[in-house]
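Heads up: take any position in the sequence shown, counting from 1, add 129, and you land on this note's numbering.
One structure below.
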Amino acid sequence: MDKKRWFFKELSSWMLFAAFAVAAFGCATGSVGNKSAADADSVVQNVPPAPKYQEFADVLIPAELKPQPKKSSIYQAPGFSAGLSVLEGKVDSNSLVGFFEVNMAKDNWKHLGTMKYKPIFLLFEKPGRACVIRIEESSFKTIVEIWVAPTSKESLPG
Numbered sequence: 130m131d132k133k134r135w136f137f138k139e140l141s142s143w144m145l146f147a148a149f150a151v152a153a154f155g156c157a158t159g160s161v162g163n164k165s166a167a168d169a170d171s172v173v174q175n176v177p178p179a180p181k182y183q184e185f186a187d188v189l190i191p192a193e194l195k196p197q198p199k200k201s202s203i204y205q206a207p208g209f210s211a212g213l214s215v216l217e218g219k220v221d222s223n224s225l226v227g228f229f230e231v232n233m234a235k236d237n238w239k240h241l242g243t244m245k246y247k248p249i250f251l252l253f254e255k256p257g258r259a260c261v262i263r264i265e266e267s268s269f270k271t272i273v274e275i276w277v278a279p280t281s282k283e284s285l286p287g
């Protein structure tokens, strides 16, 4: 009789453990196939923000770069802006080079050349304006300086 009692005691212990495991893990994985509205919202929120124009109306900026007004100096007049815009963010410098080469061409800037390595310089021009973009990547952040200046007296306002 002791063996029977021991067997049923062990069996009931294992059954209790199995029931607990099924309850615990079954609840955690029970909604795998079901998509809720919250899940759909989280997918929409993972879309990266769109790039936008900031200080200069013809220089598109990646959304990951944040303006640094205390380090920038911009001259603005109706239909005209020039100066230095400093931006910071954690972005790969090579992806920034590609971004600026593609998007500056879309805004009718002519790519004059690139100075590679640390720091990287991109040179652009369009009628009456020149742009130099300096990109320096460090361990913690990437600093981008965008210099835009007039190239002729005719391009100045007034």
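In this text, a Cβ means the ideal position worked out from N, Cα and C, and glycines have one as well.
Just so we're clear, the structure is a prediction, and the values are computed from it rather than from any experiment.
Distances from the alpha-carbon of residue 195 to those of 217, 210 and 281 put 217 closest. Under the three-pair Cβ rule at 8 Å, the stretch 243-255 does not count as touching the stretch 206-221.
In the DSSP assignment, residue 213 falls within the unbroken beta strand (DSSP E) covering 209-218.
Residue 225 is classed as buried because its beta carbon has at least 16 other beta carbons within 10 Å across all chains shown. Here residue 222 is buried. Its C-beta has 16 or more other C-beta atoms within 10 Å.
In the DSSP assignment, residue 242 forms a beta bridge with 252.
The beta-carbon distance between residue 286 and residue 186, rounded to whole angstroms, is 13 Å. This is too long to meet the 8 Å contact definition. Residue 198 carries a helical assignment under DSSP once its states are collapsed to helix, strand and coil.
For residue 177, DSSP records no beta bridge to any residue. Restricting attention to 269, 239 and 176, the CA atom closest to the CA of residue 188 is found in 239.
Taking a 10 Å sphere around the C-beta of residue 271, we find 16 or more other C-beta atoms and assign the residue as buried. Rounded to the nearest angstrom, the gap between the Cα atoms of residue 249 and residue 265 is 6 Å. Buried is the label assigned to residue 253, since at least 16 other Cβ atoms lie within 10 Å of its Cβ.
Here residue 273 is buried: its Cβ has 16 or more other Cβ atoms, across all protein chains shown, within 10 Å.
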